Structure formats: C-alpha cells, structure tokens
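Residues 84 to 363, numbered by this note's numbering, are exactly what the sequence shown covers, in order.
Here a beta-carbon is modelled for each residue, glycine too, at the ideal position from N, C-alpha and C.
Fair warning: this is a prediction, and the values are worked out from it, not measured in the lab.
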Amino acid sequence: MRFRLLIFVLFWTITRVQAQQDSAKTTLTLASMYNSNINYYGQVTTEKYPYILFNATLRFPSGLYFSGGGYKLLNFGPILSETDLGIGYDHDFSDKLTAGIAYSHSFFPSNSPLLQAANSNNINASSAYTWPWFKTDLSVDFAFGKQNDIFLSFDNSKEIELGTVFGSNLISITPAFTITAGTTRFYESYLIEKSKKQHSNGNGKSSSAPGIVNGTTVEIVENSTSQFKLLAYSFKLPLNWSSGNFLAEASYQFSLLGNRKEAEVKHQQSFFGLAVYYQF
C-alpha cells in the first residue's frame with residue numbers, strides 16, 4: 084500500500100508541474116561505465132567488486148524522464164548483479180537554480196553480496212544552484228525495502244575548461260568535494276546475510292546461533308546503524324572529453340569514512356572509473 088501511495092504522489096507532482104518546464108526536444112542518453120570498485124554512499128565492503136554498468140535515459144521536453152539499466156560485478160556470479168527502473172522529473176526555476184524528484188526500483192539476485200541489496204527502492208529529491216565560481220548540489224535519498232535508510236549529500240564542484248583539441252573537441256576537469264551523512268540499517272542486513280553464507284552447511288542451515296553475527300548481537304548492530312551520522316568525505320576528479328553529442332570521462336575518487344564502527348566496511352577507499360555517454 085505504501086508503495087502505491089508513493090507512486091501516486093510522484094505522478095501527481097509531475098502532472099501538476101510538468102507544464103511549467105520548457106526544453107528544446109526529447110532526448111535519449113546511453114551510458115556505459117567501468118569502475119574499479121562499487122560503493123554505496125561512499126561505503127565499500129572488505130571485498131573488492133569491480134563492475135561495468137549500462138544505462139539508458141529518455142527525457143521529455145516537460146522535464147519528465149524514464150531510466151533503466153543494470154550492472155555486472157566482474158568477479159561475482161554469471162548473471163547481472165542488479166537491474167533497475169526509474170522515473171523522475173526535473174525543473175529549471177532559473178538559469179541558476181534547478182530541482183528534481185525521482186523514484187527507482189532495483190532488482191537484486193537472492194545471493195547478492197552488495198551493501199545496497201537490503202534497500203531495493205529509492206526516492207530522491209535534489210536541488211542544484213550555480214554560483215559565479217562553483218556549483219552546489221544538495222540531495223536527500225529515502226531508501227527502503229528490507230530496511231529503511233535516509234541519506235543526505237552535499238556537493239560542491241567546479242567545471243574547468245582546459246581547451247580544445249582537434250577542432251571542437253573540448254577537454255575539461257570537474258573537481259568535486261562531497262559530504263555524505265545518513266543511517267546504515269542496510270549494514271545490519273548485510274552482516275546477517277554474510278553470516279548465513281559463511282556458516283551454512285550442505286543443507287543450507289546456519290550453524291551459528293540466531294542473532295549472532297561474528298560474535299556481535301544484532302541488537303548492538305541495530306543501535307549503531309539507526310543513528311544518523313556522517314558517512315563519508317569524498318573527493319572526485321573527472322577528466323572529460325566531449326565532442327558534439329559524445330562525452331568520455333576518466334575519473335579518480337578518494338573517500339574517507341566518517342564512521343568507523345562497521346568493521347566489515349573499509350575506511351579508506353580509492354576508485355578509478357571510465358565512462359562514455361552518447362545523446363540522441
């Protein structure tokens with residue numbers, strides 16, 4: 084019932100405001116990406132999971148858009164590790180201020196090793212303001228499914244054009260600094276599922292006592308993960324090459340975990356990524 088209500092509210096909001104948005108045309112954007120490790124709001128497990136991702140977004144002149152995609156962990160399982168469908172709406176209030184709302188649902192296999200597998204639904208509200216020297220983004224996410232989590236992200240970035248090569252091909256960098264805070268109830272589900280896999284015997288039964296995860300009671304984990312706290316500081320440096328409707332990006336990201344209580348989560352992470360985008 085709650086799921087239906089959320090969808091109704093989203094469509095009602097889009098219907099009420101879509102007539103206010105002006106844009107030139109309908110666009111289809113295709114994206115493909117490789118990253119050296121997957122993260123969930125800056126958090127990474129002790130296992131390293133490089134992945135490739137594919138996504139398509141169809142955006143209408145009203146500001147309404149639909150998206151779909153998925154990714155494959157390169158060192159886990161023979162099938163897709165996640166697929167997702169989404170709907171959203173963006174509105175330009177002025178040349179400097181934009182805002183948007185979006186909903187997405189993800190499908191995970193039953194044996195998924197990912198932190199985010201406990202939260203298959205996500206509602207996002209975001210806004211961005213362009214200052215004379217940099218751009219500020221504020222984003223709030225409500226993730227729910229087996230668990231309920233909320234995340235708040237604050238990002239400052241600056242696009243710096245380095246020049247052109249081979250005529251109209253533009254080279255630029257966009258350094259960004261992000262602070263992320265939120266709850267980590269998803270971590271409780273991750274620990275429980277990992278413990279079941281580690282202690283299960285041939286009959287699929289767990290050999291550990293109920294409520295015990297690596298010697299820690301679930302109740303203690305619950306008390307920690309329910310707190311709203313600083314999750315990560317992240318610095319990202321993308322190098323972009325654009326030509327017409329095509330964009331290629333190589334990026335490096337370093338994240339430092341703000342909360343150090345989760346033993347199964349790495350506290351310093353580095354990511355290297357490659358991505359290509361094409362817009363029709």
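Report back the beta-carbon spacing between Leu364 and Phe269 to the nearest angstrom; my notes put them in contact at under 8 Å.
This structure cannot speak to residue 364, because the chain is shown only from 84 to 363.
Whole angstroms are fine: how far does the CA of Ser203 sit from the CA of Asn231?
For the purposes of this step, residue 231 is taken as the residue at position 148 of the sequence shown. For the purposes of this step, residue 203 is taken as the residue at position 120 of the sequence shown. Going from the Cα of Asn231 to the Cα of Ser203 covers about 10 Å.
Secondary structure at Tyr172, three-state DSSP: helix, strand or coil?
Here residue 172 refers to the residue found at position 89 of the sequence shown. Looking at Tyr172 - three-state DSSP - the assignment turns out to be strand.
Helix, strand or coil: which one does DSSP assign to Val359?
For this step, residue 359 is matched to residue 276 along the sequence shown. Three-state DSSP puts Val359 in a strand.
Check whether the region 326-339 and the region 236-256 are in contact - that is, three or more C-beta pairs closer than 8 Å.
As far as the Cβ criterion goes, the region 326-339 touches the region 236-256, which means the pair count is three or higher.
Is the beta carbon of Lys155 less than 8 Å from the beta carbon of Ile135?
As a first step, residue 155 is located in the sequence shown; it is residue number 72 there, counting from the start. As a first step, residue 135 is located in the sequence shown; it is residue number 52 there, counting from the start. The answer is yes: Cβ separation under 8 Å.
Taking only the alpha-carbon atoms, compute the straight-line gap between Phe363 and Ser317 and give it to the nearest angstrom.
Counted from its first residue, the sequence shown places residue 363 at position 280. Counted from its first residue, the sequence shown places residue 317 at position 234. In a straight line, the C-alpha of Phe363 is about 32 Å away from that of Ser317.
Please state whether DSSP places Glu271 in a helix, a strand or coil.
For the purposes of this step, residue 271 is taken as the residue at position 188 of the sequence shown. Three-state result, Glu271: helix.
Just mark Ile121 as buried or exposed, buried being the case when its beta carbon has 16 or more other beta carbons within 10 Å.
Numbered from its first residue, the sequence shown carries residue 121 at position 38. With 16 or more Cβ atoms within 10 Å of its Cβ, Ile121 is classed as buried.
Using 8 Å as the limit for Cβ to Cβ distance, is Phe143 near chain C?
Among the protein chains of the structure shown there is no chain C, as only one such chain exists.
Is it true that the CB of Asp224 sits closer than 8 Å to the CB of Asn207?
As a working note, residue 207 is residue 124 in the sequence shown. As a working note, residue 224 is residue 141 in the sequence shown. In contact: Asn207 and Asp224 (Cβ atoms closer than 8 Å).
In the DSSP assignment, find the unbroken beta strand (DSSP E) run with Leu314 in it and report its ends.
Numbered from its first residue, the sequence shown carries residue 314 at position 231. Here the beta strand (DSSP E) through Leu314 covers Lys312 to Ser326.
Look at Pro196 and Glu271 and say whether their C-beta atoms are less than 8 Å apart.
As a position in the sequence shown, residue 196 is number 113, starting the count at 1. As a position in the sequence shown, residue 271 is number 188, starting the count at 1. No, the pair does not count as a contact, with Cβ atoms beyond the cut-off.
Is it the case that the Cβ atoms of Ser187 and Asp173 are separated by a distance below 8 Å?
Here the question's residue 187 lines up with position 104 in the sequence shown. Here the question's residue 173 lines up with position 90 in the sequence shown. Going by C-beta atoms, Ser187 is not nearer than 8 Å to Asp173.
Check whether the Cβ of Ala185 sits closer than 7 Å to any heavy atom of the ligand ZN, and report yes or no.
Absence of the ligand ZN is noted for the structure shown, with no ligands found whatsoever.
For Leu340, count neighbouring C-beta atoms within 10 Å of its own C-beta (all shown protein chains included) and say buried if the count is 16 or more, exposed if not.
The residue labelled residue 340 in the question sits at position 257 within the sequence shown. Result: buried.
Please report the distance separating the alpha-carbon of Leu357 from that of Gly246.
As a working note, residue 357 is residue 274 in the sequence shown. As a working note, residue 246 is residue 163 in the sequence shown. Taking the straight line from one Cα to the other gives about 21 Å.
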